[in-house]
Amino acid sequence: MNDMTTTTTSTRTTVLDATGVTMRFGGLTAVRSVDLQVSSGEIVGLIGPNGAGKTTFFNCLTGLYVPTEGRVSYKGTVLPPKPHLVTQAGIARTFQNIRLFSNMTVLENVLVGRHTRTKEGLWSALLRGPGFKKAEAASHERAMELLEFIGLQHKADHLARNLPYGEQRKLEIARALASEPGLLLLDEPTAGMNPQETRVTEDLVFAIRDQGIAVLVIEHDMRFIFNLSDRVACLVQGEKLVEGTAEVVQGDERVIAAYLGTPFEGAPGAEEVAEVEAAEADAHSDTSTTGSEGDAK
Amino acid sequence: MTDTASSRTTQLRVLALAGGIATVASTFLSWTYTAEFPGDLTVYGYPGGLQVLTLTAGLLIALFALSALGVKGLRWLTPTGSTKALQLFALGALATTWFTVIAIAVELGGVVNLEPGGFVAAVATVIPVVAAFLLPDDTRKATRPKELPSWAEILIIVAAFAIGLFVFTYGIDTEYAELFTGYLLTVGFAATALFRAGLIARLNGLTTKYRMIAVSAAFVAAAAFPFTQNTDQFTLIAVNILIFATVALGLNIVVGLAGLLDLGYVAFLGVGAYTAALVSGTTASVFDVHFPFWAAVLTGAVVSLIFGVLIGAPTLRLRGDYLAIVTLGFGEIFRIAVGNLDGVSGPRITNGPNGVPNIPDLNFFGYNFGESHTVLGFELGSYANYYLLMLLAMILVVIVFSRAGNSRIGRAWVAIREDETAATAMGINGFRVKLIAFALGATLAGLAGTVQAHVQHTVVPEMYVFAGPVPPNSAFLLAAVILGGMGTISGPLIGASLLYLIPAKLQFLQDYQLLGFGIALILLMRFRPEGLIANRRAQLEFHETDQLDVPDDKPGAGVSTAKAGA
């Protein structure tokens, strides 16, 4: 996969170019001068411990926040700091905690996603000319295609709130895709999913990539992210610690330290750990014979 | 075991039937000695006044009891079970009759004023209640309705709207408070009973199937109303209901679709009315102009639009409750400002508290709205002309509501209402879309105001208060929308009718009216938060177990939704 990326880089264009993005809330610097590039047809992962500033960085990219410093450009043009203009430019996103329009139907949710790609205003809605009907029909058709893509076409008339959790996540992706983005930002798309659902999501993201849409993913599920991403960037305390292929990031000591902490002075050695574990196992087997193994691990 | 149970059920149903017939029979007796109680209930062999309501309720009990007994040709009356419907009909008959009997005793000073007929009625109405509440619940899922030829289905729709017109006309034409109270009791219980029996749902199915025919039938029925009236007295009430309902429907775009809480909406009605008054050519106007009506309507609507944009532009950029506070302020500012533009406190434009009187009647190509006309052999008074004009305005608002609601812009409104952050992330320009909704609402209210100015012949600031005894005012408009059902078309129409008729008919409530509405709204929010008429979304929002969103013909779909809902 790495070979492929290097050989085809020349034909790829940079979709997203964030340089020196800094976001301060009063005295707190949530994101500190982060650079990130995403090229077309690429899946980039963004990891980091809780509170590292991943979602804040996302919000800076999508115009929900105006970065204190730095510049975000999409396909060479600097993005205006308004969410709806960012979406219009071609960046779509999903949310960490699902934010569907819960009292609209599944189909209507996707149709709302079509908003920027259709033009019909109030007058054309009131007069209902042939242009309006054509545009509505086209929107419906495209929305149904997207629902088929994520496998929810049979639930088009259901209310979004009545969908199971996994399908709500999928619907959010379909809604984002409806705006025909060049870059899709996914904020923890597999949070709360079981392994099967995660695998399905993985396939879905690959399928989206194959349509030529670049994807930037925030995720805590390491297996998922290292499987999926061409490149992974690790954000710690608002700063980009390391960026590179899965192997590079996985092997980086600073990343491990950020997630697991560094050994401190006088840390227990391996022998002492084994001793303690053995003692615990003994104690457990005295009181209860079952379930102690799981605890010891 | 089951045999005895089913025979007991049959016996109880027969008992309910007997009670219904006894109730009907009792209305042919005399209930009181004197004709002092309104409606003349002294005559044997001829029901009058409130007795007619008891008679109707008794007939309905008998009819539905027969349907429950499985009489051929009447089974269609109870697609989703008869027990609940019977209970409600029986309660309706009981409430109406006992209200009448008690009213006679209280108003005439003692039980002695009751003739035996009154006691017979009181006892007769208890029988079906006892029988119905002993019946086992037979609520079931409606089976697929039998296919009727389309002409028959259309005939059913027409008949339903004819009945609707009759019931509505009866309510407007009630001449004394007792009769109106009895009417509300009977209609309230009967409507709920029909809903429980599944008839309303079936009718809804038909009206969705023949949507255009149903809508036309509804408007034909509404247009037929003035032809049923001999005097202008009740037509004026109907015109005012139409104005109130039209404005409520406009507010429903702002509140129900876009979710913007507007507490000063009546001010836009006032802007339209004052504008129309000032350009109407009345001598009281400082402007010496006389616009033709179409120009006055346009001017009123445009001025309202301008005010809507002026109020909306700075506030709609903010989220949350700022809009409610600003609109509340604007409503009051408007009223006080027009009260002060009298030449003393400010420039003389509106004549201050005296308002603009002597607004001339409309005149279309020599057709004077102030005179009576004979149409198709019917004598139509002047308010009938305004009624029909206002009906046209309402049709316009209904079209605007349904077309705008079901389009890209309407979906954007609902999306903004649901989750503004997500909506903007989907590419919706929140400010722009909200401003369109707000300005559209203001324009429609201004349009209604231009007609209102001519109907009332005079406009004064006190017509446009936040809350007061006479609708339309901002609080009542909002109440009509919420009571009727947000986001629906028929909801605000029913809400406005009720909120106008109750204070107009029950004058004795005057002092307690606002208290009563407060209590009624609290009860409504507790038991039916989606309003009397629920739109599909709200129905599901508040009652999760109802599986209305699942189309029947999709097997297995219901199961998965139930899981998600749980």
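Chains as they are written, first to last, in this note's numbering: chain A, 833 to 1129; chain B, 306 to 871. The beta carbon of each residue, even a glycine, is placed where N, CA and C say it ideally should be. Model, not experiment: these values are computed from the prediction.
Got a sec: is the Cβ-Cβ distance from residue i to anything in chain D below 8 Å?
| i | result |
| --- | --- |
| B/Ala426 | Absent from the structure: chain D. Protein chains present are A and B. |
Compute the Euclidean distance between the alpha carbons of residue i and residue j, then round it to the nearest angstrom.
| i | j | result |
| --- | --- | --- |
| B/Leu554 | B/Val702 | 7 Å |
| B/Leu320 | B/Arg380 | 18 Å |
| A/Glu968 | A/Arg1007 | 16 Å |
| B/Ser613 | B/Thr748 | The sequence as given places Gly at residue 613 of chain B; Ser does not occur at that position. Their Cα atoms are separated by approximately 8 Å. |
| A/Gln1069 | A/Gly1044 | 32 Å |
| A/Val870 | A/Asp849 | 7 Å |
| B/Asp816 | B/Gly324 | 39 Å |
| A/Ile930 | B/Ala720 | 14 Å |
| B/Ala464 | A/Glu1029 | 54 Å |
| B/Ile824 | B/Ala529 | 35 Å |
| B/Gly422 | B/Ala526 | 37 Å |
| B/Thr339 | B/Glu420 | 10 Å |
| A/Arg1031 | A/Thr1022 | 9 Å |
| B/Ile542 | B/Tyr481 | 14 Å |
| B/Asn645 | B/Gly660 | 10 Å |
| B/Ala502 | B/Ala330 | 25 Å |
| A/Gly852 | A/Gly902 | 4 Å |
Three-state secondary structure (DSSP) at residue i?
| i | result |
| --- | --- |
| B/Phe639 | helix |
| B/Thr850 | Low confidence applies here, because B/Thr850 scores a pLDDT of 42, under 50, leaving its location unreliable; read the following figure in that light. Coil at B/Thr850, not helix or strand. |
| A/Met936 | coil |
| B/Gly675 | coil |
| B/Asp626 | coil |
| A/Ala1052 | Per the sequence shown, the amino acid found at residue 1052 of chain A is His instead of Ala. In this structure, A/His1052 counts as coil in the three-state DSSP scheme. |
| A/Leu848 | strand |
| A/Glu1075 | strand |
| B/Phe683 | strand |
| A/Gly1183 | The displayed coordinates of chain A run from 833 to 1129. Any statement about residue 1183 of chain A would go beyond what the structure contains. |
| B/Ile596 | It should be pointed out that residue 596 of chain B corresponds to Phe in this sequence rather than to Ile. If DSSP states are grouped into helix, strand and coil, B/Phe596 belongs with coil. |
| B/Ile407 | helix |
| B/Ser372 | helix |
For residue i, count the other beta carbons within 10 Å of its own beta carbon; 16 or more makes it buried, fewer makes it exposed. Which is it?
| i | result |
| --- | --- |
| B/Tyr351 | exposed |
| B/Gln534 | buried |
| A/Asp1062 | buried |
| A/Gly963 | exposed |
| A/Phe1038 | exposed |
| B/Met768 | buried |
| B/His759 | buried |
| B/Lys377 | exposed |
| A/Ser934 | buried |
| B/Gln356 | buried |
| A/Asn994 | buried |
| A/Asp867 | exposed |
| A/Ala1111 | exposed |
| B/Pro619 | exposed |
| A/His990 | buried |
| B/Met517 | exposed |
| B/Thr309 | exposed |
| B/Arg713 | buried |
For residue i, go through chain B and note every residue whose CB falls closer than 9 Å to its CB, in chain order.
| i | result |
| --- | --- |
| A/Thr894 | Ala730 |
| A/Glu980 | What A/Glu980 touches in chain B: nothing, since even the nearest Cβ is about 16 Å away. |
Identify the contact partners of residue i in chain A, using a Cβ-Cβ distance below 9 Å as the criterion.
| i | result |
| --- | --- |
| B/Thr726 | Leu896, Pro915, Phe927 and Arg931 |
| B/Ala717 | Val944 and His947 |
| B/Ile741 | Gly953 and Leu954 |
Along chain A, which residues have their Cβ under 7 Å away from the Cβ of residue i?
| i | result |
| --- | --- |
| B/Asn734 | His916 |
| B/Arg708 | Ala957, Leu958 and Arg960 |
Can you pull the chain B neighbours of residue i, defined as C-beta to C-beta under 8 Å?
| i | result |
| --- | --- |
| A/Glu952 | Ser712, Arg713 and Ile714 |
| A/Leu1060 | Simply none; closest approach about 23 Å. |
| A/Ser1011 | Met731 and Gly732 |
Quick one: list the residues of chain A neighbouring residue i, beta-carbon separation under 8 Å, in chain order.
| i | result |
| --- | --- |
| B/Thr624 | In the sequence on display, residue 624 of chain B carries Arg and not Thr. Those do not exist, as B/Arg624 stays about 13 Å from chain A at its closest Cβ, beyond 8 Å. |
If the cut is a Cβ gap below 7 Å, which residues of chain B does residue i touch?
| i | result |
| --- | --- |
| A/Gln920 | Gly732 |
| A/Glu940 | Arg716 |
Hey, is the region 752-767 of chain B in contact with the region 650-668 of chain B, meaning 3+ C-beta pairs nearer than 8 Å?
At 8 Å Cβ cutoff, the stretches touch.
The region 423-432 of chain B contacting the region 397-410 of chain B, beta-carbon criterion three pairs below 8 Å
Cβ pair count under 8 Å is three or more, so yes.
With three or more C-beta pairs closer than 8 Å as the rule, is the region 686-697 of chain B touching the region 547-562 of chain B?
Below 8 Å, enough C-beta pairs join the region 547-562 of chain B and the region 686-697 of chain B to call them touching: three or more.
Check whether the region 377-396 of chain B touches the region 334-343 of chain B, taking contact to mean three or more Cβ pairs, one atom from each stretch, closer than 8 Å.
Contact between the region 377-396 of chain B and the region 334-343 of chain B is absent, because fewer than three Cβ pairs lie under 8 Å.
Within the chosen definition, does the region 674-689 of chain B reach the region 608-624 of chain B through at least 3 CB pairs nearer than 8 Å?
Touching, no, given that fewer than three Cβ pairs across the two stretches are closer than 8 Å.
If you pair each beta-carbon of the region 851-865 of chain A with each one of the region 884-891 of chain A, do three or more pairs fall below 8 Å?
Counting C-beta pairs with one atom in each stretch, the region 851-865 of chain A and the region 884-891 of chain A have three or more that are closer than 8 Å, which means they touch.
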